[in-house]
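Q: Residue numbers (my numbering): 51 to 180.
Using N, Cα and C, we set each Cβ at its ideal position, and we do this for glycine too.
Listed below in C-alpha cells is the structure:
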C-alpha cells in the first residue's frame with residue numbers, strides 16, 4: 051500500500067471546491083488524515099482572491115502516475131482551465147508533495163502554507179480512520 055500526502059488549494063468557491071475534491075478523492079482512495087483548512091493570501095498579483103489550503107494523507111494501491119492522472123481529472127471536473135489559471139482563478143489545485151515518504155515537489159520547502167498544513171499530518175502513524 052502506498053501513502054501519499056497531498057496539498058489542495060482553491061481561490062474560487064474554495065469551501066465548496068475543497069469539499070468536492072476531497073469527496074472525489076475519497077471515492078477512490080482511503081483518506082486517513084486531514085489538516086485544518088488554512089486561509090492563505092495571494093502570493094502574486096496574478097491571483098486576486100485568497101486561497102483555502104488543506105493537506106490530506108491517503109492510502110493507495112495505485113501507481114503514483116495513475117493517481118496524478120486522477121487528480122488532474124478532478125481538477126478539470128471542478129472547472130480548472132489554462133485560461134482560468136492565466137487569470138488567477140483556481141477552482142482546485144491538487145498536488146502530491148510526498149509519496150511513500152519521498153518528496154515529489156519542492157513545495158514543502160518553498161511555501162510556508164504547504165509546510166504548515168503538512169506538518170499537522172506528516173508524522174502521524176498511517177492508520178485507517180474506519
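If residue 60 sits next to residue 142, beta carbons under 8 Å apart, how far is it from one beta carbon to the other, in whole angstroms?
A: By one-based count along the chain shown, residue 60 stands at place 10. By one-based count along the chain shown, residue 142 stands at place 92. Yes, they are in contact, since the Cβ atoms of residue 60 and residue 142 sit about 5 Å apart, within 8 Å.
Q: Taking the alpha-carbon positions, what's the residue 78 to residue 87 distance?
A: Taking the first residue of the chain shown as 1, we reach residue 78 at position 28. Taking the first residue of the chain shown as 1, we reach residue 87 at position 37. Each residue's Cα considered, the two are about 22 Å apart.
Q: Figure out for me which residue from 126, 163, 151 and 98 has the closest Cα to the Cα of residue 70.
A: Here residue 70 corresponds to residue number 20 of the chain shown, with the count starting at 1. Among 126, 163, 151 and 98, the Cα nearest to that of residue 70 is on 126.
Q: Secondary structure at residue 77, three-state DSSP: helix, strand or coil?
A: The sequence position of residue 77 within the chain shown is 27, counting from 1. Residue state, collapsed to three classes: helix.
Q: Pick out whichever of 145, 144 and 130 has its Cα sitting closest to the Cα of residue 138.
A: In the chain shown, residue 138 corresponds to position 88, counting from 1. Among 145, 144 and 130, the Cα nearest to that of residue 138 is on 130.
Q: State buried or exposed for residue 67, treating a residue as buried only when at least 16 other CB atoms are found within 10 Å of its CB.
A: Residue numbering aside, residue 67 sits at position 17 when the chain shown is read from its first letter. It counts as buried.
Q: Does the beta-carbon distance from residue 81 to residue 106 come in below 8 Å?
A: Your numbering for residue 81 matches position 31 in the chain shown. Your numbering for residue 106 matches position 56 in the chain shown. Yes. Within cutoff.
Q: DSSP beta-bridge partners for residue 68?
A: Looking up residue 68 in the chain shown gives position 18. Paired residue(s): none; residue 68 is not in a bridge.
Q: Of all the options 110, 84, 75 and 160, which has the alpha carbon lying nearest to the alpha carbon of residue 51?
A: Taking the first residue of the chain shown as 1, we reach residue 51 at position 1. With distances taken between Cα atoms, residue 51 lies closest to 110.
Q: Look up residue 143 in the DSSP assignment and give the residues it is bridged to.
A: Here the question's residue 143 lines up with position 93 in the chain shown. According to DSSP, residue 143 bridges with 59.
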